[in-house]
Amino acid sequence: MQLPAPDGGVRDRTDRVLLAAGALIVCAFGAMAWFQARPGEPAFMAALAVATIGYLIALARVARRPSLSRRALGLCLVIALAGRGALLMLPDDQAGDARRYVWDARVQRAGLDPYTARPNDARLSALHTDLTRRVHAPWLPTIYPPVAQLYFRLVTSVNESILAFRVAAVICDVLIALTLAATLTAIGRPLAWILVYAWHPLMPLETAAGGHVDVVGVLALVVSSSALIRGRTAVAALAFTAAVLVKLLPIVLVPLYWRRVRVRDALLASALAGAAVLVVTGGPLPIGSLGAFVDRFRFNGPIFAALEHIAPARAVAAAAVLLGLVVATWLRTRRPVHAPEAWAWPMGGALLAAPMVTPWYLLWLTPFLSSRAALPLLVWSLSVLAVYRVWYLRSLGESWTVPAPLLWLEFGAVAAAVAWLAARPALRRMASHARRKKEPWR
7 MQLPAPDGGV
17 RDRTDRVLLA
27 AGALIVCAFG
37 AMAWFQARPG
47 EPAFMAALAV
57 ATIGYLIALA
67 RVARRPSLSR
77 RALGLCLVIA
87 LAGRGALLML
97 PDDQAGDARR
107 YVWDARVQRA
117 GLDPYTARPN
127 DARLSALHTD
137 LTRRVHAPWL
147 PTIYPPVAQL
157 YFRLVTSVNE
167 SILAFRVAAV
177 ICDVLIALTL
187 AATLTAIGRP
197 LAWILVYAWH
207 PLMPLETAAG
217 GHVDVVGVLA
227 LVVSSSALIR
237 GRTAVAALAF
247 TAAVLVKLLP
257 IVLVPLYWRR
267 VRVRDALLAS
277 ALAGAAVLVV
287 TGGPLPIGSL
297 GAFVDRFRFN
307 GPIFAALEHI
317 APARAVAAAA
327 VLLGLVVATW
337 LRTRRPVHAP
347 EAWAWPMGGA
357 LLAAPMVTPW
367 YLLWLTPFLS
377 SRAALPLLVW
387 SLSVLAVYRV
397 WYLRSLGESW
407 TVPAPLLWLE
417 FGAVAAAVAW
427 LAARPALRRM
437 ASHARRKKEP
447 WR
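Here is the structure:
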């Protein structure tokens, strides 16, 4: 009788632990869907905590031994899809932003400029249905850039509903995972690292349940990053421009492209940006409600709130963008293009000083968290889940602010991760020194 190789036995145990962790995640999201849990209520938070525990178990196993059999990897991806499928069964409550997406698409089809048309304009009442009458901030025109607007038109041309945006977001989510898998293969990293993204509890919450447009920008950015790694500079420049024209956050990554793309690639990308603006607005710059957003909207931004006491809001917002650019410039010279942290930290730095940080803003970081240097941002992408509690508190009549204990939990966890990362080399030296003293013959 031939005994199995030790490595095979270890891998089998790793596979079983991973699959058990994945089952925990799916059961948690299944329970959330079964009980029709609304964001932040006790059942929602309990299920989310269980999913997070399953995710942490999986991360620990992948970090220790990232080798997976093909069968186990396939099952892991099926688990990821199952979690998203479960959350598609939730009601549309969490996808309230999609009401604005539908409105913007209608405005465009009517031949109007979404950057000047306001949902509460009585002259536009004929464009409304029950779906759009409850749009957020109806006194403001849109804030979403041109490529986001084109996405709204595309989705509503298939089906004008919130569910359509949720399904479209899941499709983008799957494409992100496939692109990341191809990138991992190209740079020689084990495919098991795809689970850092695919099993992250934030992803199904904000795609299958939330339907947020951010996932479209994340897809464009991941395509751009993958193309840049492979030396396809024209694709990288075009996809990066598309990402910026979905949400402005990735603009802080511009230094990463310096001297990695050709001048003609940059010109081609500029032409794409100009064409998108012309199609959506007919010529005027798409400013919309960006200024009003910076001036008036505040949520989960304690650093911005502190700085706002000593400087104007727009100056603080500009400083946040500058911080991201500085971090990207520093990482451009010190990290290879395929280093995940080189992409994550500039956006993370800008978000830390932003006036408003909802959980789905951190979707932009999730594809780039599979390195030790990105650990504090990985921790943040999990600790921010506590903020969902605010939605429930709001339904009870509380103010639209994050309570201090939740802020301490969210950002205290990030600070602890930064401290651990900074202290780790010293701790390893101390441990090595202690071993040498204990065993001087070594």
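Just so you know, we're using my numbering here: the sequence shown kicks off at 7 and counts up by one. Every residue gets a Cβ at the ideal spot worked out from N, C-alpha and C, and that includes glycine. Values in this document were obtained by computation on a predicted structure and should not be read as measured data.
Pairwise C-alpha distance: residue j and residue i
i: P48; j: L381; result: 28 Å
i: V16; j: R67; result: Bear in mind that the predicted position of V16 carries a pLDDT of just 49, short of 50, making it too unreliable to give a figure here.
i: A432; j: A425; result: 11 Å
i: S401; j: R44; result: 10 Å
i: A192; j: Y263; result: 19 Å
i: A204; j: A86; result: 6 Å
i: G217; j: R434; result: 44 Å
i: L273; j: L184; result: 29 Å
i: W336; j: L259; result: 11 Å
i: I59; j: L369; result: 19 Å
i: L24; j: L208; result: 19 Å
i: A11; j: S276; result: For A11, the predicted structure reports a pLDDT of 42, less than 50, and the residue's modelled location is therefore unreliable. The matter cannot be settled from this model.
i: T239; j: R268; result: 7 Å
i: F50; j: A281; result: 43 Å
i: S131; j: P125; result: 8 Å
i: A323; j: F305; result: 14 Å
i: A334; j: W40; result: 43 Å
i: V221; j: I149; result: 16 Å
i: V343; j: L254; result: 21 Å
i: S295; j: R115; result: 20 Å
i: S405; j: D301; result: 19 Å
i: L9; j: G36; result: Bear in mind that a pLDDT of 38 at L9, under 50, signals an unreliable position, so the number given afterwards is only what the model happens to contain. Cα to Cα, the separation comes out at about 39 Å.
i: L2; j: D98; result: Lying outside 7 to 448, the shown extent of the chain, residue 2 is not represented and no answer is given.
i: R320; j: G194; result: 43 Å
i: A27; j: L94; result: 21 Å
i: A423; j: L54; result: 21 Å
Candidates the options, of which the one nearest residue i by Cα
i: H206; options: S376, A419, D127; result: S376
i: V164; options: A34, V108, L415; result: V108
i: V141; options: V267, L190, D127; result: D127
i: A279; options: F305, A154, Y121; result: A154
i: S167; options: E416, V222, A101, F50; result: A101
i: R159; options: A423, A174, L130, L329; result: A174
i: L96; options: R270, R172, R338, P196; result: R172
i: A52; options: L399, R395, L415, V408; result: R395
i: R266; options: C178, G294, V252, G237; result: G237
i: F374; options: V202, G194, F305, D119; result: V202
i: L391; options: F417, E404, R378, S405; result: F417
i: D179; options: T247, D103, R90; result: R90
i: G223; options: A410, Y157, T339; result: Y157
i: V176; options: A360, L211, A198; result: L211
i: V118; options: P290, S389, A187, L186; result: What sits at residue 118 in the sequence shown is Leu, not Val. Considering only alpha carbons, the answer is P290.
i: V327; options: I63, A421, T339, A360; result: A360
i: Y398; options: W414, P409, G288; result: P409
i: D103; options: A57, W366, A422, R341; result: W366
i: A379; options: R341, W414, T364, L415; result: R341
i: T162; options: R105, A187, I257, A345; result: R105
i: T364; options: T407, G297, L415; result: T407
Contact check, residue i vs residue j, beta carbons under 8 Å
i: G307; j: M362; result: yes
i: A233; j: A245; result: yes
i: I309; j: L358; result: yes
i: D21; j: L74; result: yes
i: V219; j: V252; result: yes
i: L371; j: V393; result: no
i: L225; j: L181; result: yes
i: A356; j: L329; result: yes
i: P292; j: P152; result: yes
i: T122; j: P144; result: no
i: L197; j: L79; result: yes
i: V332; j: W386; result: no
i: P120; j: W199; result: no
Assigned exposure category for residue i - 16 Cβ within 10 Å defines buried
i: V84; result: exposed
i: S230; result: buried
i: E347; result: buried
i: R430; result: exposed
i: P318; result: exposed
i: A242; result: buried
i: R70; result: exposed
i: L284; result: exposed
i: L313; result: buried
i: A350; result: buried
i: G288; result: exposed
i: R338; result: buried
Cβ of residue i within 8 Å of any chain B Cβ
i: L186; result: The structure shown contains no chain B, having only a single protein chain.
Under 8 Å, with one C-beta from each stretch per pair, do the segment 102 to 116 and the segment 136 to 144 reach the 3-pair mark?
yes
Counting Cβ pairs, one atom from each stretch, are 3 or more of them under 8 Å apart for the segment 85 to 104 and the segment 28 to 38?
yes
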